[in-house]
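Student:
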Amino acid sequence: MARFHVSLHLPDVFDDAFMELIPRHRAFINHLIAENVVETYAISADRSRGWITMNGEDAAEVRAVVEQFPLYDFLSNIEIDELFLFDSVATRLPRISLN
1 MARFHVSLHL PDVFDDAFME LIPRHRAFIN HLIAENVVET YAISADRSRG WITMNGEDAA
61 EVRAVVEQFP LYDFLSNIEI DELFLFDSVA TRLPRISLN
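Structure follows, in structure tokens:
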């Protein structure tokens with residue numbers, strides 16, 4: 001299974017239709033995290049962009065999952081890139097403490 005980075009843009013204005021979908025969207029993302037489909041999920045402080053690290057067989061499979069996002073119709077400039085290397089504190093073994 002490969003790992004992918006998804007970059008996307010959120011709308012400039014969050015109307016009522018968008019706001020009403022947020023709880024359903026968050027529940028779906030939480031489900032994908034629990035299923036190890038989504039590894040990381042981040043939204044910029046100004047709420048204009050998002051970045052997601054996802055696992056999948058190929059970019060088409062990842063795009064198919066992204067298209068299921070409840071907020072999908074509001075997202076734009078979606079880019080999906082397969083990663084060669086993904087390293088983070090979370091993916092490393094915990095530090096050993098001799099205390």
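Reminder that position 91 of the sequence shown reads as 91 in our numbering, one-by-one numbering, no gaps.
Here a beta-carbon is modelled for each residue, glycine too, at the ideal position from N, C-alpha and C.
Since the structure is predicted, the reported quantities are computational estimates derived from the model, not experimental observations.
1) How many whole angstroms separate the CB atoms of Pro-52 and Arg-63, which I take to be in contact at a CB cut-off of 8 Å?
2) Can you list the beta strand (DSSP E) stretches of 3 or more residues lying completely in the segment 4 to 66, in chain order?
3) I need the DSSP call for Asp-165, collapsed to helix, strand or coil.
4) In whole angstroms, give me the CA-to-CA distance for Leu-93 and Met-19.
5) Return the bridge partner residues of Ala-113 from the DSSP annotation.
6) Once DSSP output is grouped into helix, strand and coil, what is the label at Ile-78?
7) Okay, do the segment 22 to 32 and the segment 64 to 71 touch, 3+ Cβ pairs below 8 Å being the bar?
8) Measuring CB to CB, does Met-1 end up less than 9 Å from Glu-82?
9) Please report the Cβ distance between Asn-55 and His-9, rounded to the nearest whole angstrom; I am assuming they are in contact, meaning their Cβ atoms lie under 8 Å.
Tutor: Result, derived from the coordinates:
1) As a first step, residue 52 is located in the sequence shown; it is residue number 52 there, counting from the start. As a first step, residue 63 is located in the sequence shown; it is residue number 63 there, counting from the start. Here the sequence assigns Ile to residue 52, which means Pro is not the residue at that position. 12 Å between Cβ atoms; not a contact.
2) Those beta strand (DSSP E) runs which fall completely within the segment 4 to 66 and span 3+ residues are 38 to 43, 49 to 56.
3) Because the chain spans 1 through 99 in this model, residue 165 falls outside it and cannot be assessed.
4) One-based indexing of the sequence shown puts residue 93 at position 93. One-based indexing of the sequence shown puts residue 19 at position 19. Each residue's Cα considered, the two are about 38 Å apart.
5) Since the first and last residues shown for the chain are 1 and 99, residue 113 lies out of range.
6) In the sequence shown, counting from the first residue as 1, residue 78 sits at position 78. Strand at Ile-78.
7) Touching, yes, given that three or more Cβ pairs across the two stretches are closer than 8 Å.
8) On the sequence shown, position 1 is the one that residue 1 refers to. On the sequence shown, position 82 is the one that residue 82 refers to. Cβ atoms of Met-1 and Glu-82: not closer than 9 Å.
9) Working through the sequence shown from its first residue, we reach residue 55 at position 55. Working through the sequence shown from its first residue, we reach residue 9 at position 9. Rounded, the Cβ-Cβ distance is 23 Å, inconsistent with contact.
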